[in-house]
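Chains as they are written, first to last, in this note's numbering: chain A, 1 to 71; chain B, 1001 to 1254; chain C, 2001 to 2234. Glycine included, every Cβ here is placed at the ideal spot set by N, Cα and C. The structure appears right after this line, and notes come after that.
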């Protein structure tokens, strides 16, 4: 342990402001990078479900290419 | 191609299928995320609380444990985009384009993080938030290159054309990165303001560099989690008219 | 004797024909020709007004100012580089022709350089004199521009080809190509600065020459590929 007390740990030898801001920013960016694809996926699924439900309610076939190429 | 073993070739062709990617990688994510959390947890706590302070910079050097991984991923992300670009242009593999589209914002985010943490670190070290140091300047230009690619993709409506255009731009950019880096370094030797030289610190003891290594590995896994998740979403979006995606949506509803 | 497509003679004919056509078109519209030059002069006039008319201050920043103005003037002409060809279908013909796209692209870039980069290079010492540029720096500045502007035009050509069909072309084009211009700017400015302070400018000039050769051999392939995308998928 490089620090004697929790207060000293927070103070970071007088550089606490810089160190903690950097780490806070990192948490924010990493959080964004992890959550953003999940949020996009969720929005897509919600949209798609709505579209399918409407198509089903109308008794129509949803607009699908049954044998779409995959390569 | 005849020298490549059959198994490898089959794997390559399968990898070209977005559906295969979606179905295979789903189970990887929790493991990758858990390993990332473990590595980052140990590395960060070690780096913040247990590593000894630097003899010159004191405790502000602890920013290194996030700054270096971010700067590394900023460059690695661009390389990955360029590799995907080559794969897209040569083999027309759609999956490569989806990865490329996903990497751009993630790489840009890490480039921004590298710049921001570097700038915050600069204040206690150099006495100012911004300095036209060679490395900072190169990373700033890297951020512009990322923004250019993202802008180009947004501007072109047809996804197929957008992917190939971005691939060309990424390849031109990746050839230019070492040239830019070299010229900026050389420019600095002409305009050296002379006061700072963080690099001249003696080699780090293991108690300082092991947590750095852990964090670099952890950030790598984190990057992988983000890119895999993003690509999976991209696969769904682009294949939304295919049967398997609509089936998947119906299943999720039930 | 009639040359078969792909033979050396036919490629040369193609190159010359393209170059002649492009130059004729450029000189057919003198205003488009003069605009980047006028822009170059106006931007340079702004610096003494905005920063300082002090001869010492101007001399110090002259190489940088001249180069940045040249960079922006090059950028200005890029947007129109392939637009007309695209609008009248010439681009499609170029892409679909049996011969490689490399040569017509080089011819097009050469023509564009002759109407933008070359006049800028020739005009630079005059404006340098107005900015109190050291007399020793005049020749390295010109050489730097002569070697550097082709690279700017070629890299800019990639950006122009990638954005050719887009409505939001202009600003995006600047964002795409300006970061790529950085090495040329650094090398060109330092050649002039070194000479201005009595040092040998050969080093950066040789690097610029290397960059120019590399760009001429490789970049037209990227431009050709970018043009193909627009035609094949658009």
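Beta carbon of residue 2226 (chain C) nearer than 7 Å to that of residue 2101 (chain C): For the purposes of this step, residue 2226 (chain C) is identified with residue 226 of the third chain, where counting begins at 1. For the purposes of this step, residue 2101 (chain C) is identified with residue 101 of the third chain, where counting begins at 1. Their beta carbons are not under 7 Å apart, which means residue 2226 (chain C) does not touch residue 2101 (chain C) by this criterion.
How is residue 1054 (chain B) classed by DSSP in three states: helix, strand or coil? Within the second chain, numbered from 1, the residue matching residue 1054 (chain B) stands at position 54. It is a strand residue.
Per DSSP, what kind of secondary structure is residue 1044 (chain B) in: helix, strand or coil? To locate residue 1044 (chain B), count along the second chain from 1; it is residue 44. Residue 1044 (chain B): helix per DSSP, three-state reduction.
What would DSSP say about residue 2168 (chain C), mapped onto helix, strand or coil? For the purposes of this step, residue 2168 (chain C) is taken as the residue at position 168 of the third chain. If DSSP states are grouped into helix, strand and coil, residue 2168 (chain C) belongs with coil.
To the nearest whole angstrom, what separates the beta carbons of residue 1153 (chain B) and residue 1104 (chain B), a pair I think is in contact under 8 Å? Counted from its first residue, the second chain places residue 1153 (chain B) at position 153. Counted from its first residue, the second chain places residue 1104 (chain B) at position 104. Going by Cβ atoms, the distance from residue 1153 (chain B) to residue 1104 (chain B) rounds to 7 Å, so yes, they are a contact pair.
Check whether chain F comes within 7 Å of residue 1052 (chain B), counting only Cβ atoms and requiring the distance to be less than that. Annotation note: the requested chain F is absent from the structure, which comprises protein chains A, B and C.
In angstroms, rounded to a whole number, what distance separates the CA positions of residue 1118 (chain B) and residue 2083 (chain C)? Within the second chain, residue 1118 (chain B) is the residue found at index 118, counting from 1. Within the third chain, residue 2083 (chain C) is the residue found at index 83, counting from 1. Rounded to the nearest angstrom, the two C-alpha atoms are 42 Å apart.
With 8 Å as the limit, tell me which residues of the stretch 1109 to 1128 of chain B have their beta carbon closer than that to any beta carbon of chain A; keep them in chain order. 1109, 1110, 1112, 1113, 1116, 1117, 1120, 1121, 1123, 1124
Between which residues of its own chain and residue 1223 (chain B) is the CB-CB distance below 6 Å, once the five residues before and five after are set aside? Here the question's residue 1223 (chain B) lines up with position 223 in the second chain. Non-local C-beta neighbours of residue 1223 (chain B) in its own chain, meaning closer than 6 Å and more than five positions away in sequence, comprise 1073, ordered along the chain.
Cβ shell of residue 1128 (chain B) (< 7 Å), same chain only, five flanking positions each side left out: Counting from one through the second chain, the residue named residue 1128 (chain B) turns up at place 128. Around residue 1128 (chain B): 1122.
Among C:2173, C:2074, C:2145, which has the Cα closest to the Cα of residue 2206 (chain C)? By 1-based counting over the third chain, the position of residue 2206 (chain C) is 206. Measuring from the Cα of residue 2206 (chain C), the nearest candidate turns out to be C:2145.
Report the residue from C:2092, C:2160, C:2108, C:2070 whose alpha carbon sits nearest the alpha carbon of residue 2184 (chain C). Working through the third chain from its first residue, we reach residue 2184 (chain C) at position 184. The residue with the shortest Cα to Cα distance from residue 2184 (chain C) is C:2070.
Interface residues of the stretch 2151 to 2165 of chain C facing chain B [CB-CB below 9 Å]: Cβ contacts with chain B: 2155, 2158, 2159, 2161, 2162, 2163, 2165.
Would the stretch 1139 to 1146 of chain B count as touching the stretch 43 to 56 of chain A if we require 3 or more Cβ pairs under 8 Å? Taking a cut-off of 8 Å for Cβ pairs, the stretch 1139 to 1146 of chain B and the stretch 43 to 56 of chain A do not touch, as fewer than three such pairs fall below it.
Between residue 2136 (chain C) and residue 2029 (chain C), what straight-line distance do the alpha-carbon atoms span, to the nearest angstrom? Here residue 2136 (chain C) is taken as the residue at index 136 of the third chain, counted from 1. Here residue 2029 (chain C) is taken as the residue at index 29 of the third chain, counted from 1. Rounded to the nearest angstrom, the two C-alpha atoms are 36 Å apart.
Within chain B, partners of residue 5 (chain A) - CB distance below 8 Å: Within the first chain, numbered from 1, the residue matching residue 5 (chain A) stands at position 5. Result: empty, since nearest Cβ-Cβ is about 12 Å, beyond 8 Å.
Going along the chain, which residues of the stretch 2184 to 2208 of chain C sit with their C-beta nearer than 7 Å to a C-beta in chain B? 2186, 2187, 2190
Step through the CB atoms of chain B and report whether any lies within less than 7 Å of the CB of residue 24 (chain A). As a first step, residue 24 (chain A) must be located in the first chain, where it is residue number 24. Cβ-Cβ to chain B under 7 Å: no for residue 24 (chain A).
Closer than 6 Å by C-beta to residue 1082 (chain B): which residues in its own chain qualify, once you throw out the five before and the five after it? Chain order, please. Residue mapping note: residue 1082 (chain B) aligns to position 82 of the second chain, counting from 1. Excluding sequence positions up to five before and after residue 1082 (chain B), its CB lies within less than 6 Å of the CB of 1170, 1171, 1174, all in the same chain and listed in chain order.
Using the beta-carbon of each residue, which ones in chain B are nearer than 7 Å to residue 13 (chain A)? Counting from 1 along the first chain, the entry for residue 13 (chain A) is found at position 13. Within 7 Å Cβ-Cβ: 1053, 1058, 1059.
Can a CB atom of chain B be found closer than 7 Å to the CB of residue 2289 (chain C)? Residue numbering for chain C in the displayed model covers 2001 to 2234; residue 2289 (chain C) lies beyond these limits and cannot be assessed.
Mapping the DSSP letters down to three states, classify residue 1246 (chain B) as helix, strand or coil. Your numbering for residue 1246 (chain B) matches position 246 in the second chain. Looking at residue 1246 (chain B) - three-state DSSP - the assignment turns out to be helix.
Residues of chain C with a CB under 7 Å from the CB of residue 1151 (chain B): which are they? As a first step, residue 1151 (chain B) must be located in the second chain, where it is residue number 151. Correct list: 2172, 2175.
Residue 70 (chain A) in three-state terms, based on DSSP: Here residue 70 (chain A) corresponds to residue number 70 of the first chain, with the count starting at 1. A caution first: residue 70 (chain A) carries a pLDDT of 44, below 50, which makes its placement in the model unreliable, though a value can still be read off. Residue 70 (chain A): coil per DSSP, three-state reduction.
Can you tell me where the alpha helix (DSSP H) with residue 1177 (chain B) in it begins and where it stops? Your numbering for residue 1177 (chain B) matches position 177 in the second chain. Taken as a continuous stretch (DSSP letters only), the alpha helix (DSSP H) holding residue 1177 (chain B) covers 1159 to 1190.
Use the C-beta contact count for residue 26 (chain A): other C-beta atoms within 10 angstroms, 16 or more gives buried, fewer gives exposed. Along the first chain, read from residue 1 onward, the residue named residue 26 (chain A) stands at position 26. Counting other Cβ atoms within 10 Å of its Cβ, residue 26 (chain A) reaches 16 or more and is therefore classed as buried.
Among residues of its own chain, excluding the 5 on either side of residue 1044 (chain B), which ones have a beta-carbon nearer than 7 Å to its beta-carbon? Taking the second chain and counting its residues from 1, the one referred to as residue 1044 (chain B) is at position 44. These residues qualify, in order along the chain: 1065, 1215.
Taking one C-beta from the stretch 2116 to 2133 of chain C and one from the stretch 2145 to 2165 of chain C each time, how about it: are there three or more such pairs within less than 8 Å? yes
Beta-carbon of residue 1228 (chain B) versus every beta-carbon of chain C: anything under 7 Å? As a working note, residue 1228 (chain B) is residue 228 in the second chain. Answer no: the Cβ-Cβ gap between residue 1228 (chain B) and chain C never drops below 7 Å.
Would you report the Cα separation of residue 1084 (chain B) and residue 2124 (chain C), rounded to the nearest angstrom? Counting from 1 along the second chain, the entry for residue 1084 (chain B) is found at position 84. Counting from 1 along the third chain, the entry for residue 2124 (chain C) is found at position 124. Approximately 42 Å between the Cα atoms of the pair.
Spatial neighbours of residue 2057 (chain C) within its chain, please: C-beta separation below 8 Å, excluding the five flanking residues on both sides. As a working mapping, residue 2057 (chain C) is identified with position 57 in the third chain. Result list for residue 2057 (chain C): 2051, in chain order.
For residue 7 (chain A) and residue 1217 (chain B), what's the separation of their Cα atoms in angstroms? Position 7 of the first chain, counted from the first residue, corresponds to residue 7 (chain A). Position 217 of the second chain, counted from the first residue, corresponds to residue 1217 (chain B). The alpha-carbon atoms of residue 7 (chain A) and residue 1217 (chain B) are separated by roughly 30 Å.
Distance check for residue 2103 (chain C) and residue 2096 (chain C), CA to CA, integer angstroms please. Against the third chain, residue 2096 (chain C) aligns to sequence position 96. Against the third chain, residue 2103 (chain C) aligns to sequence position 103. Rounded to the nearest angstrom, the two C-alpha atoms are 14 Å apart.
Where does residue 2217 (chain C) sit, in a helix, a strand or coil, going by DSSP? Reading the third chain from its first residue, position 217 is the one you call residue 2217 (chain C). In this structure, residue 2217 (chain C) counts as helix in the three-state DSSP scheme.
Helix, strand or coil at residue 1223 (chain B) [DSSP, three-state]: Walking along the second chain from the start, residue 1223 (chain B) turns up at place 223. Correct three-state label for residue 1223 (chain B): helix.
Against residue 1238 (chain B), what residues of chain C qualify as contacts under a CB-to-CB distance less than 7 Å, listed in chain order? For the purposes of this step, residue 1238 (chain B) is taken as residue 238 along the second chain, with counting starting at 1. Within chain C, no residue comes near residue 1238 (chain B); the closest Cβ sits about 15 Å away, beyond 7 Å.
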